[in-house]
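*Asks:* Chains as they are written, first to last, in this note's numbering: chain A, 2 to 264; chain B, 2 to 264; chain C, 2 to 264; chain D, 2 to 264.
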């Protein structure tokens with residue numbers, strides 16, 4: 002902040018900070034308007050030297066440069082429909098140049114919102130081939146964020162490794178409870194009084210990546226498994242869309258398998 | 002209900018029901034005032050025959066007959082103080098004839114509320130002896146519900162077996178996440194965005210008994226482990242006191258390691 | 002229940018009851034399967050006599066006969082998009098034969114979901130004319146529920162009187178706080194720490210009809226009015242869709258300007 | 002922050018900031034450790050000049066200097082018992098040198114926690130006299146925060162004027178809904194689906210002061226007015242104790258009848 006104010010006469014719009022006393026680390030996010038006539042490029046070069054001196058890890062993001070997001074979807078369309086409606090309403094500041102589905106169900110919605118849809122079904126044995134094609138498309142469309150909008154295929158460790166903290170998933174439980182498949186069934190069996198959903202960055206360890214957002218809803222003995230599924234959809238929509246928005250607004254830092262969310 | 006209305010002219014105050022379609026079981030709770038001159042004893046005998054015919058499991062509880070509750074406590078007194086204040090304010094319809102502590106910390110509060118306090122410290126090797134003394138006291142005081150108000154000793158399977166669905170514990174996590182000790186530390190490490198607390202009946206399987214109530218609270222990166230502990234205390238108070246009140250009001254049925262809560 | 006069991010050998014699927022002790026009224030909802038060969042019509046006739054004897058108000062709804070719902074919309078499409086997605090996903094058991102908008106914005110979504118859209122703009126002085134046309138369409142399409150999915154026109158008392166407990170609105174505040182227009186602005190000015198949304202049946206008294214559902218979300222000083230508007234949209238979607246679903250499933254009784262919701 | 006770092010080699014423990022873009026105001030809270038050998042007094046003098054230059058309003062609070070808090074109470078003791086238990090458990094970093102009650106009910110708890118209790122009943126006509134005595138006691142005990150722990154007397158505008166942003170009250174509704182007396186009755190009549198509680202600074206306008214914290218809880222048609230009162234007590238405890246803790250930790254700024262809460 003000193004640096005910004007002192008040398009660049011920048012207008013600081015928002016500043017947030019977090020300290021992890023245990024790890025002895027300090028985190029900061031500053032949103033600022035560069036002063037007239039100062040090229041942001043110049044700022045980056047200058048700041049790199051300061052950062053090197055103090056051993057900071059840093060990134061500089063231009064708010065005018067929008068993220069390019071690819072949505073992955075299977076047969077359940079509620080998250081896809083929700084994200085697209087928010088996108089169209091201007092709630093998500095990004096471009097969505099393509100949607101990839103391992104089922105064709107999402108194609109209608111994609112067309113309605115005018116977004117190319119690629120149907121890449123995964124059949125026995127050809128997952129590596131499909132992932133190669135997915136990767137090709139992501140590169141072709143210059144994507145920098147993948148959102149798994151209830152995509153029901155597990156991505157390989159190799160795939161994930163190429164997109165560190167760039168793949169956001171929604172898991173339909175309050176992690177770390179009920180990892181793995183059929184979490185609503187497991188929640189029903191255990192007799193919990195609240196169900197949850199969790200959005201997180203995808204890592205090679207399934208359901209173990211840094212948690213971005215979680216929310217819960219009350220259930221009762223009157224709720225059957227289909228009721229849990231239905232109620233859970235509302236949670237999934239909300240926690241996934243928040244995670245995506247925060248990522249797009251550069252509000253998420255991640256370290257040590259955790260996230261810091263700057264309001 | 003037919004039976005009550007038709008033969009006894011009873012005034013039904015409240016009726017709740019639940020069906021578990023999967024298991025093909027039906028659950029019902031009826032609160033009623035027997036008609037004048039009808040001894041409740043007579044009703045019980047009569048109903049036993051009906052129940053046998055239809056293979057019902059049933060209990061008959063007289064609302065005038067209050068539960069006798071023993072609180073177990075260690076060093077953390079927030080749940081104890083909370084339960085005693087609710088007890089004194091008339092929120093918990095029971096008698097609390099004694100409090101047992103493995104530490105002496107709770108003695109002052111016990112005295113203030115005029116309740117005998119028994120200090121039974123558990124030292125290496127004498128747990129069986131202490132449990133025998135606890136059992137003796139529970140029998141002596143005619144107790145029918147044990148509430149573990151943050152009692153930090155694990156009860157033996159033998160002890161638990163004698164009090165089926167009569168021991169209520171509060172676990173300081175959103176079960177089944179973070180079973181075992183130090184759940185707030187585990188929650189902090191995992192980076193969850195909500196912490197929880199769970200009240201449940203105690204069974205021989207630690208933290209695996211039927212869940213009675215759960216609640217959660219939002220946390221952020223700014224919350225240290227002591228903050229989680231402090232926030233969690235508010236959850237523990239609430240979920241434990243609800244569980245105790247519901248038990249006292251005969252609102253809880255349990256089956257298949259689950260509970261049914263009748264509003 | 003006696004009646005159903007005794008004479009008709011009906012299979013009771015679900016029964017809920019509520020008593021208002023103050024008013025001395027009793028409310029009951031029973032979901033049942035009539036026994037084979039018994040016409041539901043016959044049941045109605047028979048029950049009418051019982052009901053008359055005990056001065057009950059009652060209705061009999063056939064679950065196979067779906068509600069016919071008309072959505073009213075203006076420019077904000079988030080509730081419309083949400084309801085249509087739920088409708089298509091099978092979450093709302095009804096027919097939606099038409100959508101009416103005083104703006105044309107909703108037309109695209111209507112088309113996508115294959116539902117006729119009627120654009121009836123309200124200009125100065127012609128509200129009575131527009132309402133007459135709306136009424137004509139509702140009759141023509143045999144509608145029995147009107148859902149105001151953020152419809153920003155106030156319906157006249159005459160219109161409302163023809164649809165008692167058949168018009169559901171969503172108000173973007175936690176009623177009775179912030180009645181009237183611009184509730185998010187009012188909430189911001191007052192500095193509340195939670196914002197809310199309320200779904201209710203529409204009566205002649207604006208924002209005073211029986212409340213069906215409410216929910217809230219935390220806000221902070223960092224939230225601007227546009228942030229409240231955005232956060233509130235998530236609440237509006239949820240409280241409106243719950244209200245519609247409960248109405249469709251005959252879970253709502255209303256009396257004395259209140260609702261009873263049967264789980 | 003520049004100033005702190007540059008001249009004083011202070012260790013910044015936590016920094017929070019808020020901007021009100023509409024009003025063009027900037028708010029900041031910095032928690033810091035002064036460097037060895039630097040008297041905090043010196044810092045204050047030095048900072049006063051900086052603040053004057055930039056027209057800042059500021060305060061400097063020494064964390065070692067504890068607030069001195071007086072609790073006012075009437076007959077309902079749940080908030081009193083809760084605050085005292087938190088106080089004893091070390092959750093509230095303050096001194097509580099006295100408790101004032103217009104009823105004697107709180108005396109036992111005061112004695113248990115070893116705090117002088119002053120019984121100052123308010124009878125017809127002598128409110129001015131009682132308030133004078135309250136003021137005398139507050140001065141005598143060097144109090145700087147008054148907490149109305151369900152104190153059921155309205156303080157005069159003259160009294161309030163002497164303690165700006167130094168009196169915290171808990172109102173048993175989700176303000177601005179249900180101002181005035183008997184809010185649970187009003188909530189019941191209106192048929193709301195959630196009840197709330199609000200802690201706020203007291204101003205001359207009853208129930209209109211800056212809101213500090215709010216929370217809500219779900220209610221159903223099955224909840225009678227006594228149920229709402231009971232459920233509400235849990236909300237009152239929580240929102241009041243949070244407000245008190247935040248005040249004690251200098252986390253609350255207030256302006257324009259709003260509060261800014263620094264996490």
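The beta carbon of each residue, even a glycine, is placed where N, CA and C say it ideally should be.
Using a Cβ-Cβ cut-off of 6 Å (strictly less than) and excluding sequence neighbours within five positions of residue 166 of chain B, which residues of its own chain qualify?
*Replies:* The residues are 202 and 255.
*Asks:* Could you name the residues of the stretch 21-36 of chain D whose beta carbon sits closer than 9 Å to any beta carbon of chain C, in the order they occur along the chain?
*Replies:* Cβ contacts with chain C: 21, 22, 23 and 28.
*Asks:* Using a Cβ cut-off of 8 Å, which residues of the stretch 78-98 of chain B contact any Cβ in chain A, in chain order?
*Replies:* Listed by position, the residues of the stretch 78-98 of chain B near chain A (Cβ gap below 8 Å) amount to none.
*Asks:* When you compare only the Cα positions, how much space is there between residue 267 of chain B and residue 174 of chain C?
*Replies:* A question about residue 267 of chain B goes unanswered here, because the residues of chain B that appear run from 2 up to 264.
*Asks:* Could you name the residues of the same chain whose beta carbon sits closer than 7 Å to that of residue 99 of chain A, not counting the 5 residues immediately before and after it, in chain order?
*Replies:* For residue 99 of chain A, where only same-chain residues beyond five positions count, the Cβ hits under 7 Å are 71, 116, 117, 119, 138 and 142.
*Asks:* With 16 as the cutoff for other CB atoms within 10 Å, does residue 76 of chain D come out buried or exposed?
*Replies:* Residue 76 of chain D should be labelled exposed.
*Asks:* Let me know the secondary structure DSSP gives residue 23 of chain D once reduced to three states.
*Replies:* Residue 23 of chain D falls in the coil class under three-state DSSP.
*Asks:* Among A:205, A:122 and A:187, which one has its Cα closest to the Cα of residue 162 of chain A?
*Replies:* The shortest C-alpha separation from residue 162 of chain A is found at A:205.
*Asks:* Using a 10 Å radius around the Cβ and a threshold of 16 neighbouring Cβ atoms, would you call residue 12 of chain B buried or exposed?
*Replies:* Exposed: under 16 other Cβ atoms inside 10 Å.
*Asks:* Can you check whether the C-beta of residue 259 of chain D is within less than 8 Å of a C-beta belonging to chain C?
*Replies:* Closer than 8 Å: yes.
*Asks:* Would you call the stretch 185-201 of chain A in contact with the stretch 104-115 of chain A, where contact means no fewer than 3 C-beta pairs closer than 8 Å?
*Replies:* The stretch 185-201 of chain A is not in contact with the stretch 104-115 of chain A.
*Asks:* Using a 10 Å radius around the Cβ and a threshold of 16 neighbouring Cβ atoms, would you call residue 248 of chain A buried or exposed?
*Replies:* Classification for residue 248 of chain A: buried.
*Asks:* I'd like to confirm the pairing. Which residues does DSSP put opposite residue 16 of chain D in its beta bridges?
*Replies:* DSSP lists D:31 as partners of residue 16 of chain D.
*Asks:* First and last residue of the alpha helix (DSSP H) that includes residue 228 of chain B?
*Replies:* Note, residue 228 of chain B: alpha helix (DSSP H), 226-249.
*Asks:* What residue from B:242, B:33, B:194 and B:200 has the CA that sits closest to residue 65 of chain B's CA?
*Replies:* Selected option, being the one with the closest Cα: B:33.
*Asks:* What does the alpha-carbon distance come out to for the pair residue 128 of chain A and residue 171 of chain A?
*Replies:* About 21 Å.
*Asks:* Near residue 250 of chain A, which residues of its chain fall below 8 Å by C-beta distance, leaving aside the five closest residues on each side in sequence?
*Replies:* Same-chain partners within the cutoff: 94.
*Asks:* Would you mind listing the alpha helix (DSSP H) stretches within the stretch 101-133 of chain D that are 4+ residues and don't spill past its ends, in chain order?
*Replies:* As far as the stretch 101-133 of chain D is concerned, its whole alpha helix (DSSP H) runs of at least 4 residues are 108-113.
*Asks:* Nearest-angstrom Cα distance between residue 41 of chain D and residue 26 of chain A?
*Replies:* Distance between the alpha carbons of residue 41 of chain D and residue 26 of chain A is about 27 Å.
*Asks:* Anything in chain C within Cβ reach of residue 214 of chain D, meaning under 9 Å, just list it in chain order.
*Replies:* Going along chain C in sequence order, the residues near residue 214 of chain D (Cβ under 9 Å) are 194.
*Asks:* Any Cβ of chain A within less than 8 Å of the Cβ of residue 289 of chain D?
*Replies:* Nothing about residue 289 of chain D can be read from this structure; chain D reaches only from 2 to 264.
*Asks:* So which residues of chain A does residue 223 of chain B contact, with C-beta pairs closer than 8 Å?
*Replies:* Under the 8 Å cutoff, chain A gives 19.
*Asks:* Just checking: is the beta-carbon of residue 118 of chain C within a distance shorter than 8 Å of some beta-carbon in chain G?
*Replies:* You won't find chain G in this structure, because its protein chains are A, B, C and D.
*Asks:* Report buried or exposed for residue 182 of chain C, applying the criterion of at least 16 other Cβ atoms within 10 angstroms of its Cβ.
*Replies:* With fewer than 16 other Cβ atoms within 10 Å, it is exposed.
*Asks:* Please classify residue 192 of chain D: does DSSP put it in a helix, a strand, or coil?
*Replies:* Residue 192 of chain D falls in the coil class under three-state DSSP.
*Asks:* So, for residue 222 of chain C: in the same chain, excluding its five sequence neighbours on each side, which residues have a beta-carbon less than 6 Å away from its beta-carbon?
*Replies:* Nothing meets the Cβ criterion.
*Asks:* Note down the Cα distance separating residue 124 of chain A from residue 186 of chain B, rounded to an integer number of angstroms.
*Replies:* If you take the alpha carbons of residue 124 of chain A and residue 186 of chain B, they lie about 42 Å apart.
*Asks:* Candidates B:197, B:89 and B:220: which alpha carbon is nearest residue 212 of chain B's?
*Replies:* Looking at the Cα atoms, B:197 is the closest of the given residues.
*Asks:* Could you name the residues that DSSP lists as bridge partners for residue 214 of chain A?
*Replies:* A:200, per the DSSP bridge assignment.
*Asks:* I want to verify the contact list: residues of chain B whose CB lies under 7 Å from the CB of residue 113 of chain D, in sequence order.
*Replies:* Going along chain B in sequence order, the residues near residue 113 of chain D (Cβ under 7 Å) are 113.
*Asks:* Just to confirm the assignment, what range does the beta strand (DSSP E) spanning residue 72 of chain D have?
*Replies:* From DSSP, the beta strand (DSSP E) with residue 72 of chain D extends over 68-74.
*Asks:* What did DSSP end up calling residue 155 of chain A once you bin it into helix, strand or coil?
*Replies:* Reduced to three states, the DSSP call for residue 155 of chain A is coil.
*Asks:* With a threshold of 7 Å, establish whether the CB of residue 158 of chain A neighbours any heavy atom of the ligand SAH.
*Replies:* The ligand SAH is absent from the structure shown, which contains no ligands of any kind.
*Asks:* Would you mind telling me which residues of chain A sit closer than 7 Å to residue 217 of chain B, beta carbon to beta carbon, in chain order?
*Replies:* Simply 195 and 217.
*Asks:* Is there a C-beta anywhere in chain D that falls below 8 Å from the one on residue 178 of chain C?
*Replies:* Closer than 8 Å: yes.
*Asks:* For residue 218 of chain C versus residue 236 of chain C, is the C-beta spacing smaller than 8 Å?
*Replies:* For residue 218 of chain C and residue 236 of chain C, yes; Cβs fall inside 8 Å.
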